[in-house]
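**Q** 499 is the number of the first residue of the sequence shown in the working numbering; add one for each residue after it.
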Amino acid sequence: MKTKLGFLLILLLLIGGCGSVDSVQQHVEKSYTNEDGLIYAYPDDPKSEYLSESIGLYMEYLVLIKDEKTFHEQYELLKAHFVTGKNGTSFVFWRLNEQATTNALIDDVRIIEALQQAATLFGREEYAETATTLGESIASVQQQDGSTVDFYDWTLALPAQRLTLSYVSENQWISDTSLALLKNTESTEIFFPEYYDTKQQSYKKSNEVHLIDQLLIAMNRQKLGEASPTFLSWVKKEWTSDQRLFGRYDRKTQQPTVDYESLAVYYYLHAYLTVAGEEQLAREVFQRATALGTDDLLNEAHFFDYMHYQLLLENSKPATDSF
499 MKTKLGFLLI LLLLIGGCGS VDSVQQHVEK SYTNEDGLIY AYPDDPKSEY LSESIGLYME
559 YLVLIKDEKT FHEQYELLKA HFVTGKNGTS FVFWRLNEQA TTNALIDDVR IIEALQQAAT
619 LFGREEYAET ATTLGESIAS VQQQDGSTVD FYDWTLALPA QRLTLSYVSE NQWISDTSLA
679 LLKNTESTEI FFPEYYDTKQ QSYKKSNEVH LIDQLLIAMN RQKLGEASPT FLSWVKKEWT
739 SDQRLFGRYD RKTQQPTVDY ESLAVYYYLH AYLTVAGEEQ LAREVFQRAT ALGTDDLLNE
799 AHFFDYMHYQ LLLENSKPAT DSF
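(1) Quick check on DSSP: helix, strand or coil for residue 695?
(2) Compute the Euclidean distance between the alpha carbons of residue 676 and residue 664, then round it to the nearest angstrom.
(3) Closest Cβ-Cβ distance between residue 735 and chain B: below 7 Å?
(4) With distances taken Cα to Cα, identify the nearest neighbour of residue 546 among 815, 595, 654.
(5) Spatial neighbours of residue 812 within its chain, please: CB distance less than 8 Å, with the 5 preceding and 5 following residues excluded, ordered by chain position.
(6) Measure the C-alpha to C-alpha separation of residue 696 and residue 679 and round it to an integer number of angstroms.
(7) Alpha carbon to alpha carbon, how far is residue 649 from residue 810? Give it in angstroms, no decimals.
(8) Could you check whether residue 746 and residue 706 sit closer than 7 Å to each other, using their CB atoms as the reference points?
(9) With DSSP collapsed to three states, give me the class of residue 727.
(10) For a test of the three-state rule: what should DSSP assign to residue 702, helix, strand or coil?
(11) Using DSSP with H/G/I as helix, E/B as strand and the rest coil, what is residue 838?
(12) Apart from the five residues on each side of it in sequence, which residues of its chain come closer than 6 Å, Cβ to Cβ, to residue 802?
(13) Ignore the nearest five residues each way along the sequence and tell me which others in residue 520's own chain have a CB closer than 6 Å to its CB.
(14) Just curious, the alpha helix (DSSP H) that residue 588 is in, first and last residue?
(15) What would DSSP say about residue 536, mapped onto helix, strand or coil?
(16) Can you tell me which of the three DSSP states residue 650 falls into?
(17) Would DSSP call residue 622 helix, strand or coil?
(18) Helix, strand or coil for residue 800? Go by DSSP, reduced to three states.
(19) Between the Cα of residue 579 and those of 585, 568, 587, 553, spot the shortest distance and give me the residue it belongs to.
(20) Cβ of residue 575 within 7 Å of Cβ of residue 610?
(21) Compute the Euclidean distance between the alpha carbons of residue 668 and residue 770, then round it to the nearest angstrom.
(22) Could you give the DSSP three-state label for residue 778: helix, strand or coil?
(23) Compute the Euclidean distance between the alpha carbons of residue 738 and residue 712, then round it to the nearest angstrom.
(24) Thinking C-alpha only, which one of 748, 634, 684, 764 is nearest residue 583?
(25) Does residue 738 come out as helix, strand or coil in the three-state DSSP assignment?
(26) Which residues does DSSP pair with residue 645 in a beta bridge?
(27) Between 686, 598, 613, which has its C-alpha nearest residue 653's C-alpha?
(28) Mind reading off the beta-carbon distance from residue 693 to residue 702? Whole number of angstroms is fine, and I expect it under 8 Å.
(29) Could you have a look at residue 791 and say whether DSSP puts it in helix, strand or coil?
(30) On a Cα-Cα basis, can you pick out the residue from 585, 672, 557, 587 that is closest to residue 616?
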């Protein structure tokens, strides 16, 4: 009981501080937004990249906290700056750059799902229509041999020849073939392959693995009913021995290749452990993340890490209802 009360106290203190609804929007506007309202990657650095990843994460958060006004502002920015129409299709620039001619599947799906949820939540049919338009474009041309692939190059009119497995989740616009590739990927080794080469029709592995990718693969496999016991066992062992995990690991030795911890890693670690039924470990991960999430760190965080931390705080709120 004391442990649960302590966990709740930490959460309430954080929500009352940097994690409050108003402070997040204010912080984004002050530290990550240019004069046009567009989000850049690093705080107080408008010369850093403007990514569809950022707008998608922010839209996901705004849906979660039911901020209709700010969501609609982001929707208008999405249409005005990120969505491009080519040959009867519509895609999202993965970044705002004169040379950018491709989208990114994982970011598109995040945006599409946020739009679909917002359409229902706020009663705005235009959000659903935009989501459908983007999804139909992915389904129509972003395919190789039945697989939904990483991106589509609308200048060359060519889809990618690879499917990054961490991009695959159960979504109506991702093909069953792609879901099967995720479900059937090698799971007897500790780490998963990173992607499937559609031309060579084989899974590919890198020597250094990114833990976020591995956690996404394991989590989405779990949601599809495919457990990953070897990977889960490694995660539990590493966490139990050190109470922390790092951003990258050597595939062969399973040793960290970097010395940093990541708030985004802990967001996905918490999410994976939750769907895998490891609630106690998930609570420990939450506590580690909140210990790291100081003002000093958050004031320097890449938007990817900052927003995932806010999503972690917000997603953890309902769990306190039973305490």
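By construction, the Cβ of each residue, glycine as well, lies at the ideal position given by its N, Cα and C atoms.
**A** Checking against the coordinates, here is how it stands:
(1) strand
(2) 11 Å
(3) Here there is only one protein chain, and chain B is not present.
(4) 595
(5) 517, 559, 562, 563
(6) 11 Å
(7) 28 Å
(8) yes
(9) helix
(10) strand
(11) Not covered by the structure: residue 838. The range shown for the chain is 499 to 821.
(12) 762
(13) Because residue 520 sits at a pLDDT of 48, beneath the cut-off of 50, its placement in the model cannot be relied upon, and the following sentence gives the value as read from the coordinates. If we look at residue 520 and ignore the five residues flanking it on each side, it has no Cβ neighbours.
(14) Not the alpha helix (DSSP H): residue 588 falls in the beta strand (DSSP E), residues 587 to 590.
(15) coil
(16) strand
(17) coil
(18) coil
(19) 553
(20) no
(21) 15 Å
(22) helix
(23) 18 Å
(24) 634
(25) helix
(26) 642
(27) 598
(28) 5 Å
(29) coil
(30) 557
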